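Protein chains in written order, with the numbering used here: chain A, 32 to 145; chain B, 20 to 134.
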C-alpha cells in the first residue's frame, strides 16, 4: 500500500521569492517514482517534476527542484523566483512498479502575492 | 491541449440516473486511468486499463464500471447516482504500465453535478 501526506493545506509566497512545499510518503515497493503535479484554476493536471527513487541526484526543472530524502521518505518541492502563474494546487504523487497506481496526496494550495 | 480528450466537460443529472463519461487517450498510449476528485478527498484512483484489459482497481464503487475499447478509448459508467458522486472525474493516459513510469497525461476532466 502507498500513502502520500502533504501536511500544508495552504501556503503563500511573495513574488520572486522561494517557497518549499512538503511531502512525505510511505511505500512497500522498492521500485517507485515520485511526482509533483500542478493544478491551476483551469483544473488541468500538469506534471511539474519527476524523480526516480533509485537516483540519488535531486531532479531539477528550471525554477522547480526537489529535495529527495529516501531514508526519511520525504520529497519536497522548491519553487524559486516565484511567479504569479505558479499560483495553483500542488499535488505530490507516488507510483509503485508493483501496484501500477499513482497515489496522490491531498494537495497544497499555493498563493503568490504580488 | 494535453492530447487526452474527455467528454463531456460538464454534466448535470438527477439522483438515481446513469451517465457515461468518455475518454480518448493520447496517441500511442495504451494505458488509461480514471480518477475522482472531490473537494475534500483529493484525487482518488478508480481503475486502470491497459490495451483493453483491466489492470488495476482502486476504490471504485460497485455502481461504477468502466471499459476500454479496441480503439483504446475508454468509458466510465456511473449508475444509481447519489449527491456524493458529484465530483471532477479525470481520465489520464500513459505509454507504460510496467517497469517504469514517466507520469500520466491528464485530460481536462468532466465536472459531474448530481442534483
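Glycine is no exception: its CB is placed at the ideal position from the N, C-alpha and C atoms.
Predicted model, so just to flag it, every value in this text is computed and none were measured.
- Counting the other CB atoms within 10 Å of its CB gives residue 70 of chain A a total of 16 or more, which places it among the buried residues.
- Inter-residue distance for residue 34 of chain B and residue 130 of chain B is about 15 Å (C-alpha atoms, whole angstroms).
- Comparing alpha carbon positions, the residue from B:114, B:110, B:77, B:69 closest to residue 23 of chain B is B:110.
- A Cβ-Cβ contact shorter than 7 Å links residue 133 of chain A with residue 124 of chain A.
- At a cut-off of 7 Å between C-beta atoms, residue 85 of chain A does not count as an interface residue with respect to chain B.
- For the set A:142, A:114, A:83, the Cα lying nearest the Cα of residue 101 of chain A is the one of A:83.
- With respect to residue 113 of chain A, residue 46 of chain A sits close: the two C-beta atoms are nearer than 7 Å.
- Contacts with chain B at 7 Å (Cβ-Cβ) include residue 132 of chain A.
- For the segment 73 to 86 of chain B, the beta-carbon criterion of a distance under 8 Å to any beta-carbon of chain A is satisfied by 74, 75, 77.
- If you look at residue 77 of chain A, you'll find it in the beta strand (DSSP E) that goes 77 to 83.
- For residue 78 of chain B, the closest of B:69, B:62, B:89 by C-alpha to C-alpha distance is B:62.
- In the DSSP assignment, residue 52 of chain A is bridged to A:108.
- Of the candidates A:142, A:141, A:116, A:107, A:107 places its Cα closest to the Cα of residue 35 of chain A.
- Here residue 56 of chain B is near residue 106 of chain B, since their CB atoms are less than 7 Å apart.
- For residue 76 of chain A, a Cβ of chain B is located within less than 7 Å of the residue's own Cβ.
- If you draw a straight line from the Cα of residue 134 of chain B to the Cα of residue 72 of chain A, it is about 24 Å long.
- Taking the Cα positions, residue 37 of chain A is about 6 Å away from residue 136 of chain A.
- Flagged as an interface residue toward chain A: residue 64 of chain B, by a C-beta distance shorter than 7 Å.
- Cβ atoms of residue 131 of chain A and residue 75 of chain B come within 8 Å of each other, at about 4 Å.
- Straight through space, the alpha carbons of residue 81 of chain A and residue 65 of chain A are spaced by roughly 6 Å.
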